Amino acid sequence: MHQEQERIEKIIAGDMRAFQALVEDYQRLVCHVVFRMVHNEEDREEICQDVFVKVYQNLSKFEQKSKLSTWIGRIAYNTCINYLKKKKVPLYEDLAPAESGESGSSPNKESYLDRVPGGAKLADETVSDKEMYKFLHEEIAQLPVQYRAILTLYHMDDLSYQEIGEIMSLPDGTVKSYLFRARKLLKERIIEKYPAEELW
Amino acid sequence: MVTDKRDEHLSEAQLQAYLDKDAALDRKWADKHLGNCPHCRQALSTYKQLYRGLADEAGFMLSANFVNSVTARVEAEKNYRFDHLENGLMVLLGLVALASILVFTDWSSALMEYFRSGSISLVPSFVKDLPLLSEGRWHLVLFALLALSAVGLVDKMLVQMRHR
Chain A
210 MHQEQERIEK IIAGDMRAFQ ALVEDYQRLV CHVVFRMVHN EEDREEICQD VFVKVYQNLS
270 KFEQKSKLST WIGRIAYNTC INYLKKKKVP LYEDLAPAES GESGSSPNKE SYLDRVPGGA
330 KLADETVSDK EMYKFLHEEI AQLPVQYRAI LTLYHMDDLS YQEIGEIMSL PDGTVKSYLF
390 RARKLLKERI IEKYPAEELW
Chain B
723 MVTDKRDEHL SEAQLQAYLD KDAALDRKWA DKHLGNCPHC RQALSTYKQL YRGLADEAGF
783 MLSANFVNSV TARVEAEKNY RFDHLENGLM VLLGLVALAS ILVFTDWSSA LMEYFRSGSI
843 SLVPSFVKDL PLLSEGRWHL VLFALLALSA VGLVDKMLVQ MRHR
């Protein structure tokens, strides 16, 4: 904490090396948030840059009431939300009900499966992690933006419910509930796509 | 959220709580149940695979020179801000200077005198004609010089900050 404070003071005093070290330390977190929330590949890196420019410009206003990672995460999240608003992407969709039936009646599910060449895999084929992850990433991309952000912050950045809540301005209970629902839905999609024996 | 129905399979919430290491779950009971229940083991295995997939970083890559690009942008933004600050300061000082001149001098009569005499090249006589100086208000001139020095100092500080 003391080191962090020292680094912040150095950056405010104009030490660009200290700022570069900060970018190196937090680029992974920012990249996770931005890449998961923004689908347009061409804009992603520029948005990541925007986040760090904002971090630099507002660092003197950081009051250290939260962790620096949470504060940077919030800037990243809000920058993405503003970008998506500009692009008129619907932000507050809810999940399709997880109990939508084995036929995959959710429109997202159908649209994805329609694009899969050959449809479901044969029972005697085993699924490689790589293939399953690819499928999973595509399924995650279909989720509403808030769910994507929560899944990423929890599983890729190991943030707690409270920290995620601070970043997204959501109560801890909501974060936990969204996380549960998203994982349950994804698990069901995996089972629908790959019958259980393929996963062993 | 994590209910404990000991005679049934682990619920979805319990399976997730198990992998999240949620303290609210009776872990001993869950371990024992998982040891005896292939159904729950399979469900847990699917969740484990999902968790691994959720932590998979494939595709999350920034360019190699990302840090340098950010630094360059920060520098550019900083210069842009200083340029605006400097320009704003200059405009403000220009206005103050113009207002001072209008307040402390009698330009209309001084200019009229010049046009009448037609001797624009005679600067010393122009200075002498200015009411400000002819009336012996040198302290105002001194004030103006100090103000100019202050402007020079502020400008120097801005330049130094920009370089830093």
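Protein chains in written order, with the working numbering: chain A, 210 to 409; chain B, 723 to 886. Cβ atoms here follow ideal geometry from the backbone N, Cα and C, with glycine treated the same way. On a predicted model such as this, the values are computed, not experimentally measured, just so you know.
- Legend: CB atoms of the region 344-363 of chain A lying less than 9 Å from CB atoms of chain B belong to residues 344, 345, 346, 349, 360, 361, 363.
- In this structure, A:356 is the residue among A:356, A:349, A:262 with its C-alpha nearest to the C-alpha of residue 302 (chain A).
- Burial state of residue 783 (chain B) is exposed, judged by a 10 Å Cβ sphere holding fewer than 16 other Cβ atoms.
- By the C-beta density criterion, residue 883 (chain B) is exposed, having fewer than 16 other C-beta atoms within 10 angstroms.
- When Cβ-Cβ separations below 7 Å define contact, residue 368 (chain A) makes no contact with chain B.
- Residue environment analysis places residue 396 (chain A) among the buried positions, since at least 16 neighbouring C-beta atoms fall within 10 angstroms of its C-beta.
- Residue 873 (chain B) is positioned such that its CB atom lies closer than 7 Å to that of residue 815 (chain B).
- When secondary structure is reduced to three states using DSSP, residue 276 (chain A) falls in the coil class, being assigned neither helix nor strand.
- Fully contained in the region 734-775 of chain B are the following alpha helix (DSSP H) runs of length 4 or more, in chain order: 734-741, 749-758.
- The beta-carbon of residue 342 (chain A) is placed less than 7 Å from the nearest beta-carbon of chain B.
- For residue 365 (chain A), no alpha helix (DSSP H) run applies, since DSSP gives it neither H nor E.
- Closest by C-alpha distance to residue 253 (chain A), out of A:243, A:262, A:261, A:260, is A:243.
- Residue 286 (chain A) has a beta carbon lying at 7 Å or more from every beta carbon in chain B.
- Nearest CB-CB separation between residue 778 (chain B) and chain A: below the 7 Å threshold.
- By the rule that beta-carbons nearer than 7 Å mark a contact, residue 241 (chain A) touches chain B.
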